[in-house]
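Residue numbers (this note's numbering): 15 to 225.
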């Protein structure tokens with residue numbers, strides 16, 4: 015069912031706004047803003063992480079990225095350092111075939127990431143990156159387990175408004191029908207606005223079209 019939902023979202027370019035509305039206006043991945051405008055991506059989330067100002071374990075984890083994955087990078091105890099830059103972005107997007115990169119952290123090599131027009135959503139840009147040295151202290155197990163369960167294998171939808179995550183609990187036929195219903199509602203609302211010239215109070219609040 016997950017692949018069916020992803021296919022429908024892609025084919026109909028269902029926006030992050032509509033997806034969030036289907037989940038009672040939730041699902042936002044905080045701090046993941048579009049680096050390059052006009053991009054639209056939806057796909058399976060491959061969750062990876064960096065921690066303690068090091069991306070050593072991140073480099074190790076991304077060896078298992080599959081084509082079509084949306085790679086989600088979370089940073090723990092990294093301050094304002096970037097987790098990756100052009101080298102890793104190119105490896106993931108061109109050589110691994112990842113659909114996009116999303117992150118709650120900053121990235122470096124901004125000029126190249128923008129020039130190449132890569133599909134990236136992140137906190138922002140900085141020239142200061144993490145170190146590529148192995149850290150002795152491991153990331154807490156409860157953080158790894160909690161975030162892997164929450165994000166790995168979920169669905170990410172990304173556009174100019176940001177990133178919305180569809181949890182695994184929503185990968186159902188019922189949720190697919192909810193997406194289709196909100197698409198139909200949007201069509202009706204704009205029909206009422208553009209052709210019937212109704213005001214938004216009658217359309218959205220009074221739902222006059224139901225009469």
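All residues carry an ideal CB built from backbone N, CA and C; glycine is no exception.
Quick caveat, the model's predicted, so the values are computed rather than measured.
Limits of the unbroken alpha helix (DSSP H) element including residue i
i, result
"residue 103", "100 to 104"
"residue 173", "Residue 173 -> not in any alpha helix (DSSP H); beta strand (DSSP E) instead, spanning 169 to 173."
"residue 207", "187 to 208"
"residue 36", "30 to 36"
"residue 165", "155 to 165"
"residue 26", "16 to 26"
Buried versus exposed call for residue i [16 or more other C-beta atoms within 10 Å across all chains shown]
i, result
"residue 168", "buried"
"residue 133", "buried"
"residue 228", "This structure cannot settle anything about residue 228, because the visible part of the chain is limited to 15 through 225."
"residue 224", "exposed"
"residue 183", "exposed"
"residue 204", "exposed"
"residue 176", "buried"
"residue 122", "buried"
Limits of the beta strand (DSSP E) - the one that residue i falls within
i, result
"residue 61", "55 to 65"
"residue 180", "176 to 180"
Identity of the residue in the options nearest residue i by Cα
i, options, result
"residue 102", "179, 178, 73", "73"
"residue 31", "25, 24, 40", "40"
"residue 200", "108, 176, 218", "218"
"residue 109", "98, 82, 121", "82"
"residue 57", "151, 137, 178, 91", "178"
"residue 174", "25, 18, 47, 42", "47"
"residue 142", "151, 21, 92", "92"
"residue 23", "215, 45, 211, 197", "197"
"residue 15", "187, 207, 206", "187"
"residue 19", "222, 185, 208", "185"
"residue 124", "140, 135, 112, 113", "140"
"residue 100", "156, 212, 75, 127", "127"
"residue 45", "76, 210, 137", "137"
- Message: I want to know whether the region 140 to 159 touches the region 58 to 71 - three or more CB-CB distances under 8 Å.
- Response: At 8 Å Cβ cutoff, the stretches touch.
Taking contact to mean at least 3 C-beta pairs separated by less than 8 Å, is the region 114 to 131 in contact with the region 34 to 53?
-> yes
### Task
Examine the Cβ distances between the region 107 to 126 and the region 86 to 93 and report whether three or more of them are shorter than 8 Å.
yes
### Query
Which runs of the beta strand (DSSP E) fall wholly inside the region 69 to 136 and span at least 3 residues, in chain order?
Every beta strand (DSSP E) of 3 residues or more that sits fully in the region 69 to 136 is shown, in chain order, as 84 to 90, 114 to 117, 134 to 136.
Q: Say whether the region 191 to 202 touches the region 18 to 36, bearing in mind that this needs 3 or more beta-carbon pairs closer than 8 Å, one atom from each stretch.
A: yes
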